[in-house]
Amino acid sequence: MSTAIGTNLTSLFSSAGRGYTIPAAPSLAQILTDEDKKKTSSSPSTIISLSDEAKAYLAQTSQPANSDAMPLETLATNARNWFDQQYEKLGISSAILDGAVAVDFSSQSRATLSAIVSNAQKLFSKDEVKAAQSALQGRFDDAMAHHVVIARHSGDYASLYDAALAYMDEAGADERNTASWQAQRKALVDGAAAARKTFGKAPNTGNSDDPVQVLLAKTSEMNSPSSGASSGSIAARARALLDDQINAAADKGSELVFNARRTFGQQVDFSKFDNRMLATVSLNQDATFSIDEARAAKAELNQRNRLSLLNAINSGNSSDPSAGSLAMIKQYAAMSAEEKSVLGVTEQVMNRLVRGYNSLLSVQSSFSNSGTTGISAYL
1 MSTAIGTNLT SLFSSAGRGY TIPAAPSLAQ ILTDEDKKKT SSSPSTIISL SDEAKAYLAQ
61 TSQPANSDAM PLETLATNAR NWFDQQYEKL GISSAILDGA VAVDFSSQSR ATLSAIVSNA
121 QKLFSKDEVK AAQSALQGRF DDAMAHHVVI ARHSGDYASL YDAALAYMDE AGADERNTAS
181 WQAQRKALVD GAAAARKTFG KAPNTGNSDD PVQVLLAKTS EMNSPSSGAS SGSIAARARA
241 LLDDQINAAA DKGSELVFNA RRTFGQQVDF SKFDNRMLAT VSLNQDATFS IDEARAAKAE
301 LNQRNRLSLL NAINSGNSSD PSAGSLAMIK QYAAMSAEEK SVLGVTEQVM NRLVRGYNSL
361 LSVQSSFSNS GTTGISAYL
């Protein structure tokens, strides 16, 4: 009998420290590759000839994907054009409105954001620079989220600073030449040294250039699309979305149903619900939702977390015994308080998980120091 991760998450967290692994399922890429092999083995090949103009166009359009390799001047020019297009598309005139970033930087590379922050070619306004700074800090926060969880549960803030330094060192040459990068890296080096002297607590560097200090000072939840909203407003939004579906079903002479085994009615659609919203419906603290609605929301949340965790584990290093624990820690770091409550993720669970993860790292380190290539050689 198999155990669903979402429905028994606590026991799964506990077993991670004992080397628990999950068999990897065939990936979509593998399935498609197999299907492609079947087709090509029985079907004649089709040869498509491209003109020189088409080849040149494809070469030109494929280059921007690797924006890190672009000259700084090109990055700045492209960013300037992107801002102008966004303003025209959104009908706005600034990257910041009412104190909040008004443009979506998700399609822009780290190198592009750095070019904006440094105001390369003097092409950007103060608001554009400030917005890009916020986006860069946000990406740093996302990358460091699980390291923060580990540091707070283990007291090892030096490793958090080491991880931050590794992230900083992934920067391209242009970013490394900026004053902001150099100031932040120096602050991190100083912070790492201070953290090694104050095990058990975060060092008080008092340095405004220290991105770890900025991150630790934040109290809002990370990685949740609805993190800035109150529980009441999230419940109201969820209620409105469900009512829209109920009304749409009634207009068709049907009803909204919450059980996949039902053969009639219109099945509820949770695609517009993020995980915090699902958890809010499941908790149903204000009795805003029916029993069926709360039960269906919890089932959907369990399924999402199960698939997310499986994907995280399967995408990691299968030969690394600590990969499963790290995947669970990352999953935990992305959860809202409501999700943790629904799934039973407590501080005790995280303490066990972090201890197990650190123990595995310690064992791996001892094997590495003894001249082996990894723990897997001894298993």
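FYI, this note's numbering numbers position 148 of the sequence shown as 148, with every residue one higher than the one before it. By construction, the Cβ of each residue, glycine as well, lies at the ideal position given by its N, Cα and C atoms. The structure displayed is predicted, hence computed values, not measured ones.
Ala100, DSSP secondary structure in three states: strand
Cβ distance (whole Å) where Ala187 is taken to contact Asp209 below 8 Å: 4 Å
Residues that DSSP places opposite Gln267 in a beta bridge: Val257
Three CB pairs or more closer than 8 Å across the segment 155-170 and the segment 231-245: no
Coil, strand or helix - Glu339 by DSSP: helix
Segment contact flag, the segment 333-346 with the segment 297-308, C-beta cutoff 8 Å, min 3 pairs: yes
Thr21 to Gly324 span [Cα, whole Å]: Note that Thr21 scores a pLDDT of 41, beneath 50, so its modelled location is shaky; the value from the coordinates is reported in the next line. Between Thr21 and Gly324, the C-alpha separation is close to 7 Å.
Cβ pair Ala400, Asp127 closer than 8 Å: This structure does not reach residue 400, given that the chain is present from 1 up to 379, and the question cannot be answered.
C-alpha gap between Leu278 and Glu73, whole angstroms: 45 Å
Enclosing alpha helix (DSSP H) for Asn311 [first to last residue]: 291-314
Rounded Cβ spacing between Val117 and Ser180 (contact assumed at less than 8 Å): 6 Å
Terminal residues of the alpha helix (DSSP H) in which Lys330 lies: 323-333
Buried versus exposed, by CB contacts within 10 Å (16 or more), Ile92: exposed
Best match in Ser233, Ala158, Ser106, Gln121 for proximity to Ser134 [C-alpha to C-alpha]: Ser106
Ser2, buried or exposed, once every other Cβ within 10 Å from all chains shown has been counted against 16: Interpretation of Ser2 is limited by its pLDDT of 43, a score under 50 that renders its predicted location unreliable; the figure taken from the coordinates is listed afterwards. Answer is exposed; the Cβ neighbour count stays below 16.
CA-to-CA distance, Ala171 to Arg110, given in whole angstroms: 8 Å
Beta-carbon proximity of Val103 to Ala131, cut-off 8 Å: yes
Boundaries (first-last residue) of the alpha helix (DSSP H) holding Thr280: 275-283
Neighbourhood of Ile329 by C-beta distance below 8 Å, restricted to the same chain and skipping five residues each side: His146, Val149, Ile150, Met350, Leu353, Val354, Tyr357
Buried or exposed by the 16-neighbour rule on C-beta atoms within 10 Å, applied to Leu113: buried
First through last residue of the alpha helix (DSSP H) which encompasses Ala202: Premise fails: Ala202 is in no alpha helix (DSSP H) and is neither H nor E.
Three-state secondary structure (DSSP) of Asp244: helix
Collapsed DSSP secondary structure at Pro211 in the structure displayed: helix
Residue environment, Gly191, which counts as buried when at least 16 other CB atoms sit within 10 Å: buried
Where Gln121 falls: helix, strand or coil (DSSP): helix
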